[in-house]
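K.L.:
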Amino acid sequence: MDKHPQQLQIDIELPDKKYFTIGEVSDICQLKSHVLRYWEQAFPQLKPSKRRGRRYYQKADLLLLLEIKSLLHDQGFTIPGAKARLDQVHSAHGVLAEQRLDAPQQDLLSRLTQLHQDVVEFKHYIQQTY
């Protein structure tokens, strides 16, 4: 019984806010804040924004946390198993979305991907040089 993030949102009523503090997320997800901080290290997909030393989660982060919680607590996955499952599910979603693109859109996506790689390489070059 897999739940996708969109289905989890139906089960839990999320407040209509853009950002949530770690305390609010802890209450919504029924997880302790140290567990949330640990999962940030264990799951690279989970990246709340940090400003002035505080974490700010968005709805996508909450849905991902609920998905991780379901995998670990309800479905009995280990952390490495949950990471693999998330990678598998999220990469499958990306492949399906890419398959729906027509030829010009796929060409544009390819160009943007290459441009992104070029920018990342340039950034590394600048960091190493200066």
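Residue numbers for the sequence shown follow this note's numbering, beginning at 20 and rising by one.
Cβ coordinates follow ideal geometry from the N, Cα and C atoms, glycine included.
If you drop the 5 nearest sequence neighbours on each side, which residues of the same chain put their C-beta closer than 8 Å to that of leucine 65?
P.N.:
Residue mapping note: residue 65 aligns to position 46 of the sequence shown, counting from 1. So the qualifying residues of the chain are Trp58, Glu59, Asp80, Leu83, Leu84 and Ile87.
K.L.:
At 4 residues or longer, what runs of the alpha helix (DSSP H) sit wholly inside the segment 51-113?
P.N.:
Here the runs fully enclosed are 52-61 and 78-88.
K.L.:
Output the boundary residues of the alpha helix (DSSP H) element that contains tyrosine 144.
P.N.:
Here residue 144 is taken as the residue at index 125 of the sequence shown, counted from 1. Run containing tyrosine 144: 122-148, per the alpha helix (DSSP H) assignment.
K.L.:
Is tyrosine 76 buried or exposed, if buried means 16 or more other CB atoms sit within 10 Å of its CB?
P.N.:
Taking the first residue of the sequence shown as 1, we reach residue 76 at position 57. Its Cβ being crowded by 16 or more others within 10 Å, tyrosine 76 is buried.
K.L.:
Tell me the residue span of the alpha helix (DSSP H) that contains glutamate 13.
P.N.:
What the structure shows of the chain is the stretch from 20 to 149, and residue 13 is not part of that stretch, so it cannot be assessed.
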